[in-house]
Structures are given as C-alpha cells and as structure tokens.
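Visitor: This is the structure I want to talk about, given as structure tokens.
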Amino acid sequence: LQSLIVYFHQAAAQRGLQLISDDLTPIKCILSGDNQRTLALQKTLQAKGFLVAAIRPPTVPVHQARLRISLNIDLCEQDITDLLDIVAEHLSP
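First residue of the sequence shown: 4, per this note's numbering; consecutive thereafter.
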C-alpha cells in the first residue's frame with residue numbers, strides 16, 4: 004500500500020493536480036474547486052468503475068470542493084494512472 008501511495012503522489016504531481024495534503028496515508032483529496040465540476044467528475048469516475056466521494060460545502064469552504072479517494076491494496080499502478088488521467092483531463096483549464 005505504501006508504494007501505491009508514493010506512486011499516487013508522484014503521478015498526481017506529474018499531472019499538476021493539487022493534493023490537499025502530502026501525508027502518506029491512503030486517503031487522498033484532490034482540490035477541484037467548483038461544486039458542479041466536482042460532481043460531474045465524480046459521476047464520470049464512477050461510470051469508469053472508480054468509487055470516489057465529492058466533498059463540497061458546507062463540509063469544506065466555498066470554492067474548495069474536492070474529490071476524496073481511498074487507496075487500497077486491490078489497486079495497481081495502472082488503476083491509479085487511469086484515475087488520475089481522467090481527473091487531470093477534467094480539471095485542466
């Protein structure tokens with residue numbers, strides 16, 4: 004699991020994704036900002052088989068909506084790559 008966490012951090016950084024924390028725990032949050040974009044991205048990821056949570060105000064401050072991703076040992080690096088590619092595609096300006 005630790006190697007997947009490290010891989011997630013590296014792959015997210017390569018894509019310019021903003022992680023909420025750089026700790027080495029399996030719970031990862033990616034800042035997406037906009038509520039509607041976050042919900043749409045959650046729906047897209049779920050359609051591709053990824054279960055992620057959309058965290059929005061009032062749980063977090065306004066304009067700081069995020070995706071919450073839980074890494075586990077059933078994932079492989081390719082799963083993380085695929086997930087982050089989708090996220091990066093939808094969050095790029």
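Backbone N, C-alpha and C fix where the C-beta goes; we use that ideal spot for every residue, glycine too.
1) Alpha carbon to alpha carbon, how far is LEU3 from ALA14?
2) Check whether the Cβ atoms of PHE53 and LEU94 sit closer than 7 angstroms, and answer yes or no.
3) Assuming ARG71 contacts ILE58 under a Cβ cut-off of 8 angstroms, what Cβ separation, rounded to an integer in Å, is found between them?
4) Mind checking which residues open and close the beta strand (DSSP E) that includes LYS31?
5) Just to confirm, is the Cβ distance from ARG18 to ALA68 under 7 angstroms?
6) Assign LYS46 to buried or exposed, taking buried as 16 or more other Cβ atoms, counted over all protein chains shown, within 10 Å of its Cβ.
7) Could you name the residues that DSSP lists as bridge partners for ALA56?
8) Between PRO60, ILE8, ASN38, which has its C-alpha nearest SER24's C-alpha?
9) Is PRO29 closer than 7 angstroms to LEU78 when the C-beta atoms are compared?
10) Using 8 angstroms for Cβ pairs, my map puts ILE83 next to TYR10. What's the rounded Cβ distance?
Guide: Based on what the coordinates show:
1) The structure shown does not extend to residue 3, since the chain is modelled only from 4 to 96, so the question has no answer here.
2) Walking along the sequence shown from the start, residue 53 turns up at place 50. Walking along the sequence shown from the start, residue 94 turns up at place 91. No, the pair does not count as a contact, with Cβ atoms beyond the cut-off.
3) Locating residue 71 in the sequence shown gives position 68, counting from the first residue. Locating residue 58 in the sequence shown gives position 55, counting from the first residue. That belief holds up - the Cβ atoms of ARG71 and ILE58 are roughly 5 angstroms apart, short of 8 angstroms.
4) Indexing the sequence shown from 1 puts residue 31 at position 28. Here the beta strand (DSSP E) through LYS31 covers 30-36.
5) Along the sequence shown, read from residue 1 onward, the residue named residue 18 stands at position 15. Along the sequence shown, read from residue 1 onward, the residue named residue 68 stands at position 65. No, they are not a contact pair.
6) Counting from 1 along the sequence shown, the entry for residue 46 is found at position 43. Exposed is the call here.
7) In the sequence shown, the residue the question calls residue 56 occupies position 53. Beta-bridge pairing links ALA56 to ARG71.
8) For the purposes of this step, residue 24 is taken as the residue at position 21 of the sequence shown. Out of PRO60, ILE8, ASN38, ILE8 has the C-alpha closest to the C-alpha of SER24.
9) As a position in the sequence shown, residue 78 is number 75, starting the count at 1. As a position in the sequence shown, residue 29 is number 26, starting the count at 1. Result no, Cβ atoms of LEU78 and PRO29 do not sit closer than 7 angstroms.
10) Locating residue 83 in the sequence shown gives position 80, where the first residue counts as 1. Locating residue 10 in the sequence shown gives position 7, where the first residue counts as 1. Correct: roughly 6 angstroms between the Cβ atoms.
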